[in-house]
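The numbering of the sequence shown is UniProt numbering, which starts it at 1 and goes up by one.
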Amino acid sequence: MPINNEPPATDSLTANQVKSYVLRTDAIAPCSVADAHAIPEAIKDLDIYWLGSVPCRNVRLVGLLLEATEYESRSVYLIDDGTDSINCLKKRPVRMSIEEVGEGSSFHRSRGFEVGDIVSIIGKIESYKKTRQIYVSSIDKCVSPDAESQHLLQVLRQHRDVYSQPFTIPPLPAPSTPKKHERFTPQPGYASSMASSPTTVSHSSPIASPKKENPRLRHPSRLRSKDLNENVFRMYLSHVIISTLSVSESTSQDYLPLESISEYTSNSTPKPSRTRADLDSSNKTPTRTARPQIDPFGSPTPKKPIGLVSDESPVPTLGVTLSYLRRVQLLSDLAQRVVDNAAHERDKAMRHAERKARAKYESLQSLTLERSALTSAAASKKSEAPGSRSRSSQAPHRSSSTKVIEASSHASLRSPHLGRSSVGQSSSIPHSNRASDVSRSSTRTKHPITPEETTRRAAYHTKLSELHEEDKKKRTARMKRLFESALRTLVREGELTLFDGPRRRIPLFSSPTEGIQLSPSGIWHDLADTTTNSSVSTASTALTAPSCSDLETISEDDGQSTDMLSDPSDSEDAYVPVTPEVLRPAMLAALRRCIITQRGGVDLKSWAKALRNDGQWSRIPDLVVKETVETLRQEEWVTRVGSEQWDFTRGSWAKSLKLS
């Protein structure tokens, strides 16, 4: 199956657009199993791939069901469409026993398909142990016998007409009246928001709202234990840092009532007077008393700002430090859960090893008891052997019945520990059955614990207690190391960079009751709070940090404060996310250096090379560079000269010097 691994055109996609598009429910790409195995990864740790020039996360496969394996909480299906085979995993919300999902069960009959049927699968591509698998969202049996061949023909047409061509994001479906209890609409999130605020959409740009470009992440408090790892924590840390970038210092430090917010914001950010707004006849937008002055998520600067926007000062870029991030309540709670989950996984592995050691000890004890019983029986038989010989010399011709009775008596002597369970049994039972009864009864009985085993078990419990005490003492240090490791990785991957400019201050309050708590609706929207006005949403979107006097509420253990966070230092590094707003001055400075030596325009490759010559921007990903160039073009800083050449627009050179 042909696959075009080339990324999309420079001005077609940005990083945020890729994330928002692949999370749409209508972004399902038909492909073959070979495509699912071969397509390259587009964005790391987000399971986003390039299918030619199309970003995809969810795919549709049609193939033959070769194998179906049912487990307590999941089903694994092996699908083959002629190009390759792949495992498809479908999880169940309720655990079921093996008997309930086995052959002939009601669950097995209600699936609607059997091994050998042609099935259609829609799901998300995931990488597990360096292999691809499909996390199934729906699986259905195909009625048509030609479904597999028709799907492959459709995939070939898609490769020829769509996947090999420059990709543009299709528009959202037309908004419709929301219906009750309709869970699976083509666009539930966007359609409902557009339908609920038609005035805003009609007066806004085609982009509608910057909120739709926000990746929809699960709230940190609702993450499952399997997701509590360093990669997920790093993803949330990056998301919080990017979200705080466009929040002013004033709104990020206070969480006050609405009137206080408007007064406090007026002291820090210059607002146009109301008379000016009334006299400005070109601006017909209704004004509000507490209208937010700053987009909390940051949007590209308009090409031609008019009215109030032209007089507003831009939000200065402020770096965030390790001390600031550790005092963000959501990040601190998530870091504590990640650290506690690592300790829980360690304890679980130790308990499993202890169970195996005890089982091994019990089996060895059972074997030892069985051997001692056989040895004692043999010794007793040997001690009675001389008497039996003398009796045999006196009566050489004994009847067979006497031999049977003697054999039965010897058998009873060999197994004296059977007790009452062996009384009343016939003497004709074979010795092998009696030996098995001995072994089973010995496993049911409690064996005496040897001093060595007692010492080993005591050492296990002592080590477990010491580890628990160490976890309580070193939890804060481990959380700090988790933050440091995540920041180093983000800098190494080019998502963050060191910043020498101003940084966010950690606010100080007079009383402990004025400590700031991060509102969950700042990044993760509350469903019950969708009707609040813009001023309230501005207060809720402020990503805040607790005060120094309220630090013990962050690092508390079971409701009681045990550790204090270290005091912030002025010498610690500050970080900013690598976004078009942050990268704008550096990109313009690199373009100026290139144009001085290269007249007539600069190609993107030379421009990016000049940018990366500065060590601060040496790890910038190509996707961010392309996104920044597109933002500069929309803001009319640069223009395309020819096919792949870039140059300043008229007057932009002088304006770019002010940014430096």
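Beta carbons are placed, not taken as given, at the ideal position from N, Cα and C, and that holds for glycine. Note that the coordinates shown come from a computational prediction; the quantities given were computed from them, not determined experimentally.
Continuous beta strand (DSSP E) stretch holding LEU65: start and end = 58-70
Residue nearest to ILE121 in terms of C-alpha spacing, selected from ILE98, ILE86, PRO93, THR131 = ILE86
query = DSSP on ILE242, reduced to helix/strand/coil?
reply = helix
request  = Leaving aside the five residues before and after SER32 along the sequence, list all residues of the same chain whose C-beta is less than 7 Å from its C-beta, in chain order.
outcome  = MET1, ASP81, THR83, LEU152, VAL155
request  = Would you kindly report the start and end of the unbroken alpha helix (DSSP H) that includes LYS655?
outcome  = 652-659
message = Across the stretch 590-605 and the stretch 473-483, are there enough close Cβ pairs to call them in contact, namely three or more that are closer than 8 Å?
response = no
key: Where PHE167 sits in the DSSP three-state scheme   = coil
inquiry  = Assuming contact is defined by CB atoms lying nearer than 7 Å, are ARG503 and GLY651 in contact in what I supplied?
reply    = no
query = Are there three or more Cβ pairs, one per stretch, closer than 8 Å when the stretch 322-336 is compared with the stretch 478-486?
reply = yes
request  = Note down the Cα distance separating LYS381 from SER366, rounded to an integer number of angstroms.
outcome  = 23 Å
ask   = What three-state label does DSSP hand VAL94 in the structure shown?
value = coil
message = Please report the distance separating the alpha-carbon of PRO451 from that of ASN341.
response = 34 Å
inquiry  = With H, G and I counted as helix, E and B as strand and the rest as coil, what does DSSP make of THR14?
reply    = coil
request  = Specify, as a first and last residue, the run of the alpha helix (DSSP H) that GLU466 falls within.
outcome  = 451-492
key: the ligand NAD heavy atom lying under 6 Å from the CB of MET350   = What this structure holds is no ligand at all, so the ligand NAD is not there to describe.
Residues near CYS56 in its chain [Cβ-Cβ closer than 6 Å; skip 5 each side] = ALA29, TYR49
task = Would you mind giving the Cβ-Cβ distance between VAL624 and LEU583, rounded to the nearest angstrom? I have them listed as a contact below 8 Å.
result = 7 Å
inquiry  = Quick check on ILE596: does DSSP put it in helix, strand or coil?
reply    = helix
query = By Cβ distance below 6 Å, which residues in the same chain neighbour ARG619 in space, the five residues on each side in sequence not counted?
reply = GLY494
query = Beta-carbon separation of ARG234 and THR489 under 7 Å?
reply = yes
message = Between which residues of its own chain and THR275 is the CB-CB distance below 6 Å, once the five residues before and five after are set aside?
response = Confidence at THR275 is low in this model, with a pLDDT of 43, below 50, so the placement of that residue should be treated as unreliable; the coordinate-derived value is given next. Closer than 6 Å at the Cβ level, and outside the excluded window around THR275, lies no residue.
Close Cβ partners of LEU496 (< 8 Å) along its chain, the five nearest in sequence each way excluded = SER238, ILE241, LEU487, LEU490, TYR575, VAL576, PRO577, VAL578
ask   = Assuming THR649 and GLU636 make a contact with CB atoms under 8 Å, what is their CB distance in whole Å?
value = 5 Å
key: Burial state of SER656, where buried means 16 or more other Cβ atoms lie within 10 Å   = buried
inquiry  = Taking its Cβ as the centre, do 16 or more other Cβ atoms sit within 10 Å of ARG327, making it buried, or is it exposed?
reply    = buried
query = Under three-state DSSP, which class holds ARG132?
reply = strand
query = ALA147 lies in the beta strand (DSSP E); which residues open and close that run?
reply = Not the beta strand (DSSP E): ALA147 falls in the alpha helix (DSSP H), residues 147-158.
request  = Assign SER363 to buried or exposed, taking buried as 16 or more other Cβ atoms, counted over all protein chains shown, within 10 Å of its Cβ.
outcome  = exposed
inquiry  = Can you give me the C-alpha to C-alpha distance between VAL94 and PRO580, rounded to a whole angstrom?
reply    = 45 Å
request  = Would you mind reading off the limits of the beta strand (DSSP E) that contains ALA42?
outcome  = 41-43
ask   = Comparing alpha-carbon positions, which option in THR639, ASP35, SER164, GLU100 lies nearest TYR71?
value = GLU100
key: Collapsed DSSP secondary structure at VAL638 in the structure displayed   = strand
query = Are there 16 or more other CB atoms within 10 angstroms of the CB of VAL115, so buried, or fewer, so exposed?
reply = exposed
message = Alpha carbons only, please: which of ALA353, GLN133, TYR21 is nearest the one belonging to THR168?
response = TYR21
request  = Quick one: give me the first and last residue of the beta strand (DSSP E) that ARG74 is part of.
outcome  = 74-80
inquiry  = For GLN133 and PRO166, what's the separation of their Cα atoms in angstroms?
reply    = 27 Å
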